[in-house]
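Residue numbers (my numbering), protein chains in the order written: chain A, 25 to 425; chain B, 27 to 587; chain C, 2 to 226.
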Amino acid sequence: MRTILAMAATLGAALLPAAGAGAAEPTDWPAVLEEARGQEVFWNAWGGDERINAYIAWVGERVKADYGVTLRHVKLSDTAEAVRTVLSEKTAGRHEGGSVDLIWINGENFKAMKDQGLLYGPFAESLPNFKLVDVANKPTVRVDFTVPTDGLEAPWGMAKLVFIYDSAVLSTPPRTMRGILDHARANPGRIAYPAPPDFHGTTFLKQVVYETAPDPSLLQRPAGDDFDAVTAPMWSYLDALTPHLWRGGKVYPKNGPALIRLLDDGEIDIAFSFYPAAASAAIASGQLPETARSFVLDGGTIGNTHFVAIPYNAKARAGAMVVANFLMSAEAQARKENPEHWGDNTVLDVARLPAPARRLFSDLPRGVATLPPEQLGATLPEPHPTWMTRIEEVWLSRYGS
Amino acid sequence: MLRWAPALTLLLFLGPVAAGLIGTWLPAFGYLPALGGERFSLEPWRRLFSEPGLGGALRLTLTTGFAATALSLAIVLAFLATCHGTRPVIAVRRLLAPLLAVPHVAVAIGFAFLAAPSGWLARAVSPWLTGWDRPPDLATAPDPFGVALVCGLVLKEVPFLLLMTLAALGQVPADRTLAVARSLGYAPATAWIKTVLPLVWPQIRLPVYAVLAFSLSVVDMALVLAPGSPPPLAPLVLRWFNDPDLSRQFVAAAGASLQFVLVGSAILAWFAGERLAASLGRRWIDAGGRGAGGRAMRRGATAAMALVFATGLAGITGMAIWSFARRWRWPDLLPSEWTLHTWARQLDALAWPGWTTVSVALTASAIAIALVLACLEHEQRHGITPGSRALWLLYAPLLAPQIGFLFGVQVLLVRAGLDGSWPALVWGHLLFVLPYVFLALADPWRRLDERYARTALCLGASPAGVFWRVKLPMLLRPVLFATAVGFAVSVGEYLPTVFAGGGRFATLTTEAVSLAAGGDRRVIGVYALLQALLPWLGFMLAIGVPAWFYRRRRDMREFAA
Amino acid sequence: MSGDGALRLKAVTLALDGRVLIDGLDLAVAPGEVVTVMGPSGCGKSSLLAWLCGSVAAAFTVGGRALLDGTDITALPSEARRIGILFQDDLLFPHLSVAGNLAFGIPRNVPRRERRARVAAALAEAELPGFGDRDPATLSGGQRARIALMRTLLAEPKALLLDEPFSRLDARLRDRMRHFVFDHAGERGLPVLLVTHDPDDAAAAAGPVIEIAPRDDAPEFAESD
Numbered sequence: 025m026r027t028i029l030a031m032a033a034t035l036g037a038a039l040l041p042a043a044g045a046g047a048a049e050p051t052d053w054p055a056v057l058e059e060a061r062g063q064e065v066f067w068n069a070w071g072g073d074e075r076i077n078a079y080i081a082w083v084g085e086r087v088k089a090d091y092g093v094t095l096r097h098v099k100l101s102d103t104a105e106a107v108r109t110v111l112s113e114k115t116a117g118r119h120e121g122g123s124v125d126l127i128w129i130n131g132e133n134f135k136a137m138k139d140q141g142l143l144y145g146p147f148a149e150s151l152p153n154f155k156l157v158d159v160a161n162k163p164t165v166r167v168d169f170t171v172p173t174d175g176l177e178a179p180w181g182m183a184k185l186v187f188i189y190d191s192a193v194l195s196t197p198p199r200t201m202r203g204i205l206d207h208a209r210a211n212p213g214r215i216a217y218p219a220p221p222d223f224h225g226t227t228f229l230k231q232v233v234y235e236t237a238p239d240p241s242l243l244q245r246p247a248g249d250d251f252d253a254v255t256a257p258m259w260s261y262l263d264a265l266t267p268h269l270w271r272g273g274k275v276y277p278k279n280g281p282a283l284i285r286l287l288d289d290g291e292i293d294i295a296f297s298f299y300p301a302a303a304s305a306a307i308a309s310g311q312l313p314e315t316a317r318s319f320v321l322d323g324g325t326i327g328n329t330h331f332v333a334i335p336y337n338a339k340a341r342a343g344a345m346v347v348a349n350f351l352m353s354a355e356a357q358a359r360k361e362n363p364e365h366w367g368d369n370t371v372l373d374v375a376r377l378p379a380p381a382r383r384l385f386s387d388l389p390r391g392v393a394t395l396p397p398e399q400l401g402a403t404l405p406e407p408h409p410t411w412m413t414r415i416e417e418v419w420l421s422r423y424g425s
Numbered sequence: 027m028l029r030w031a032p033a034l035t036l037l038l039f040l041g042p043v044a045a046g047l048i049g050t051w052l053p054a055f056g057y058l059p060a061l062g063g064e065r066f067s068l069e070p071w072r073r074l075f076s077e078p079g080l081g082g083a084l085r086l087t088l089t090t091g092f093a094a095t096a097l098s099l100a101i102v103l104a105f106l107a108t109c110h111g112t113r114p115v116i117a118v119r120r121l122l123a124p125l126l127a128v129p130h131v132a133v134a135i136g137f138a139f140l141a142a143p144s145g146w147l148a149r150a151v152s153p154w155l156t157g158w159d160r161p162p163d164l165a166t167a168p169d170p171f172g173v174a175l176v177c178g179l180v181l182k183e184v185p186f187l188l189l190m191t192l193a194a195l196g197q198v199p200a201d202r203t204l205a206v207a208r209s210l211g212y213a214p215a216t217a218w219i220k221t222v223l224p225l226v227w228p229q230i231r232l233p234v235y236a237v238l239a240f241s242l243s244v245v246d247m248a249l250v251l252a253p254g255s256p257p258p259l260a261p262l263v264l265r266w267f268n269d270p271d272l273s274r275q276f277v278a279a280a281g282a283s284l285q286f287v288l289v290g291s292a293i294l295a296w297f298a299g300e301r302l303a304a305s306l307g308r309r310w311i312d313a314g315g316r317g318a319g320g321r322a323m324r325r326g327a328t329a330a331m332a333l334v335f336a337t338g339l340a341g342i343t344g345m346a347i348w349s350f351a352r353r354w355r356w357p358d359l360l361p362s363e364w365t366l367h368t369w370a371r372q373l374d375a376l377a378w379p380g381w382t383t384v385s386v387a388l389t390a391s392a393i394a395i396a397l398v399l400a401c402l403e404h405e406q407r408h409g410i411t412p413g414s415r416a417l418w419l420l421y422a423p424l425l426a427p428q429i430g431f432l433f434g435v436q437v438l439l440v441r442a443g444l445d446g447s448w449p450a451l452v453w454g455h456l457l458f459v460l461p462y463v464f465l466a467l468a469d470p471w472r473r474l475d476e477r478y479a480r481t482a483l484c485l486g487a488s489p490a491g492v493f494w495r496v497k498l499p500m501l502l503r504p505v506l507f508a509t510a511v512g513f514a515v516s517v518g519e520y521l522p523t524v525f526a527g528g529g530r531f532a533t534l535t536t537e538a539v540s541l542a543a544g545g546d547r548r549v550i551g552v553y554a555l556l557q558a559l560l561p562w563l564g565f566m567l568a569i570g571v572p573a574w575f576y577r578r579r580r581d582m583r584e585f586a587a
Numbered sequence: 002m003s004g005d006g007a008l009r010l011k012a013v014t015l016a017l018d019g020r021v022l023i024d025g026l027d028l029a030v031a032p033g034e035v036v037t038v039m040g041p042s043g044c045g046k047s048s049l050l051a052w053l054c055g056s057v058a059a060a061f062t063v064g065g066r067a068l069l070d071g072t073d074i075t076a077l078p079s080e081a082r083r084i085g086i087l088f089q090d091d092l093l094f095p096h097l098s099v100a101g102n103l104a105f106g107i108p109r110n111v112p113r114r115e116r117r118a119r120v121a122a123a124l125a126e127a128e129l130p131g132f133g134d135r136d137p138a139t140l141s142g143g144q145r146a147r148i149a150l151m152r153t154l155l156a157e158p159k160a161l162l163l164d165e166p167f168s169r170l171d172a173r174l175r176d177r178m179r180h181f182v183f184d185h186a187g188e189r190g191l192p193v194l195l196v197t198h199d200p201d202d203a204a205a206a207a208g209p210v211i212e213i214a215p216r217d218d219a220p221e222f223a224e225s226d
């Protein structure tokens, strides 16, 4: 019955003309809560992973129950789609009542929106739960791919690339990108990565450029005239790898979860994921065999923070802020870190949480295939977004058509 | 009120197509003030032709489009020519509805699982026959040449063409013609091709063109089955439309216009081929060859038809099994562990797209059936006999490639402030639901003996009374069947949802397409199965309700078709 | 001449695509009288009946007037003309029961109990008492034909048109049915116009016979019903 009412409300809302954005500012939190009640928040978020979709559905239930906010997950295959939507609305002069309320974002998409004035804020650091965030020890919660967030996006989770293999098939996995190339040469068709702009694909390329670049520290600065010099070894690496890739590099998997399926089907030897507990999670849900295990590279793997941001013309701005704040709550963060639901690391400073909230984290299961924190290795910072924009372009012209 | 029905209907579904085309062609020539295009230029076309993937995309589009159409047509004609009036035709006719009802995407997803190197077919023969203890490293679905896309299209187009051809056969004296030809010594298949095919061809010409246009511009199936670099033209254009670099919109508009030109030229080329075939065929007929035997041909055609049906239904079955699987590893033929967990976990996530799908499909098909009934009733009351030109108008939205005008439609919707609204979504679906509903209902409605209406009028019933008390109850089954056709079409729509929904609405189809890229076949199975079940439910109701309602009226079974 | 109950045709001309099929036909059918129109297929006789019913196909051009019981009905819609028609097929509505078919003809303003009584009386008259709930498809040809006549009569027509109504019945039934129809029409004093090409029909009608001559340019088999 409640579902039917909610559906009727959707219908009604769809027929009504767009209401102007409310005036409540995050500094006046009770006013935000008041305004958010009854709002419908369209959250544009990558929808390629069913487990993440299920987590978002759970968030929807919780904010509905606690704050009367209806959450709609608009599933994207590439976050750039949401950037485009907001940009085209701005171009068409729709400065109010926009169709995107909240975006799951980081990196070059954040930079693009920030540069073009497409974001609302600053709001993030005024949200009540931001004070729980571990600003001191997790600098990437305020610096997104080297770009300062300036309160325009609220941190949501800490990602770190981990590799997954089946220990029943592969006894000792390679521990460097060079090693992966050698493995591919010896076992043609057993290595794959998704085609950019999928973010798992671009992250694979980042690992390559980190390991091959003469001076990786240059990657922290915007790409300039040094682009060709820095990336040349990477292209020769890829030229060597491509003929030995899965399907000879003629067809690429679409995204990260597709790699998990290929690993389970026995088509490839190595998959990778952005959350450390991914292997355990996949075993638990029946997507990988019990013998699946995780590993990281000797030189470290890319780690970053992902965020949520609110477009400048969002229709349900207050509702979006309520969702963003809920995402930083101990309850939501603990569930996100739980490998049964998602399995990446929290942005919060767990040590400073009150005892009951702290217990939420200490009680979490780890899972057989998850590396303990001390074995997760070094975390490589994300390169400046300009690098990936150009690397993707060159990649597309070299291997994409 | 009734007087305005034909005009209103035309306005509702031809207006948008025309306006959408204009709204696409203007930016293709540089005019789109919202993005700073104030002057006409050829720049978008120059940029389009310098796109690196364009040549490959065009080649892929043309080869897959023509191959899928020719193959589908060949299978249907060969089957009917060799099996006319035999038991296989009756069997296939009975199996037609379930396969017709399954949305394109669900068929594509099912086929992808069958044909993948780790798919059902490879599992069935591995490792005992093939020696593959791992899936072979073969690019099958998708493959670089679009073979998988052609197969997927054939699975959907064969049932459609079969339906249209069977309907056409019902309207010509096929049996008698065939009997005469055979009494003159012609072998069955030769007799069919020489005497029956020329009779039915004029009636299936438009459906064939619709199949050709669809195959050349399909997006949703291509996203699942076609290679990604480069994809066929229509998905490539969609990619440009979605590019964060808004100046790509001009290239996209030019690409959409090129798609339109491409489909138009392809139809003309097909028409020319038809002419050539006809003149060669006449010479062949004049030569008087009787043909012989044809048993091998008959076996081949029956096998091809059986293969199409078995593959289509097996794909859906495979996905249905996946939705209940917990572990199903290579090379197991069936899951090793079963679970209801996937369904349980998806229930919440299904509520919103499921509701959007059902509400839009019900509304669009209800509006469509009302408009179609109004048009047909208007036509009968005024004794209008629609010519073949009216049929062309009806087919316009099916012949024009969707990507070729939906962009312009979206520009219109944004202008009207209606984009991303529920009514816009319904309207976007109505464009494609309406023609199919009309095609499904027009024949049974026109075939009803008009003396029933005359009798009722002479018994003192008003024209409205005749409609409600005689025609509608007598034609309840075809009316409900046409509504179910409209419902099924709406459930399967992908591009209209993407464009008119403005990203704010998800349906089972858009969810299935976006999930198909990802990993979890169990979840994809849930969506593919639901996508197939909804139209099946519609058809079951459309057949079951009148059957129950008229269970004590024997002659009402005649009005079944 | 007003109110005498007769059906009159005045200077009726019927043309199809510019070809004149009937030219200036004048005719009066008195109450209780059966006038038979005979002629070959395509001579326009069925279209003449359709015109009298108010449902002639748009392709025909028709001139002249028709009067029924002194009222000019030429411009009236079918349902207001009060002319009953029977075709060679009984055309019972397959979705209604036998009683439902009979009740279809009873004018709207008749109250429900009275409707039921009239249906029961009609069933008795058709020698089919108790058949009300039956599916028409389960009736024999003769039974269906009788129900079709009773349905027409229950609509209280002022005239009856018969479009070869006996041609589909087998020889044994045909004679019985002729008497059944003519007796009931006669009892009610209805003017009856019968179209046929069976001379036996004309003989049984025992009224005036009008022959419509075939026209040289009339196409063969043009008439569909």
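Where is the CB? At the ideal position from N, CA and C, for every residue including glycine.
It should be emphasised that the depicted structure is a prediction, and the values quoted were computed from it without experimental measurement.
Report all residues from its chain with a CB closer than 7 Å to the CB of residue i; omit the five preceding and five following residues, and keep chain order.
i: PRO212/A; result: HIS268
i: GLU492/B; result: Contrary to the premise, residue 492/B reads as Val rather than Glu in this sequence. The answer, listed in chain order, is ALA479, ALA482 and LEU483.
Does chain B have any CB closer than 9 Å to the CB of residue i?
i: PRO220/C; result: With a pLDDT of only 45 at PRO220/C, under 50, the local geometry of the prediction cannot be trusted, and the value read off the model is given with reservation. Closer than 9 Å: no.
i: THR115/A; result: yes
i: ALA45/A; result: Residue placement at ALA45/A is poorly supported in this model, since its pLDDT is 47, which falls under 50; the coordinates are not used for a value here.
i: ARG189/C; result: no
i: PHE331/A; result: no
i: GLY72/A; result: yes
What does DSSP give as the partner residue(s) for residue i in the beta ladder?
i: GLU212/C; result: MET39/C
i: VAL511/B; result: For VAL511/B, which the question treats as bridged, DSSP gives no partner whatsoever.
i: GLY63/B; result: LEU58/B
I'd like the list of long-range same chain contacts for residue i, defined as Cβ closer than 6 Å, with 5 residues on each side in sequence excluded.
i: ILE79/A; result: Residue 79/A is actually Tyr in this sequence, not Ile. Excluding positions up to five away in sequence, the list reads HIS365 and TRP366.
If the criterion is Cβ atoms closer than 9 Å, does the pair residue i and residue j meet it?
i: VAL118/B; j: LEU188/B; result: yes
Ordered along the chain, which non-local residues of its own chain (more than five positions away) have a Cβ less than 8 Å from that of residue i?
i: ALA127/C; result: GLN144, ARG147, ILE148, LEU150 and MET151
i: GLY25/C; result: ALA12, VAL13, THR14 and GLY65
For a cutoff of 9 Å on Cβ pairs, would you count residue i as touching chain A?
i: GLU64/B; result: no
i: TRP356/B; result: yes
Does any CB atom of chain C fall closer than 9 Å to the CB of residue i?
i: LEU28/B; result: no
i: ASP475/B; result: yes
i: ASP581/B; result: yes
ask   = Name the residues in the region 26-59 of chain C whose C-beta lies less than 8 Å from a C-beta of chain B; which are they?
value = ALA51, CYS54, GLY55, SER56, ALA58 and ALA59
ask   = Listed from N- to C-terminal order along the chain, which residues in the region 496-510 of chain B have their beta-carbon within a distance smaller than 8 Å of any beta-carbon of chain C?
value = VAL496, PRO499, MET500 and LEU502
query = the region 92-108 of chain A: which residues have C-beta closer than 7 Å to a C-beta of chain B, in chain order?
reply = ARG96, VAL98, LYS99, SER101, ALA104, GLU105, VAL107 and ARG108
key: chain B contacts from the region 281-299 of chain A (Cβ-Cβ distance under 7 Å)   = PRO281, ALA282, ILE284, ARG285, ASP288, ASP289, GLY290 and GLU291
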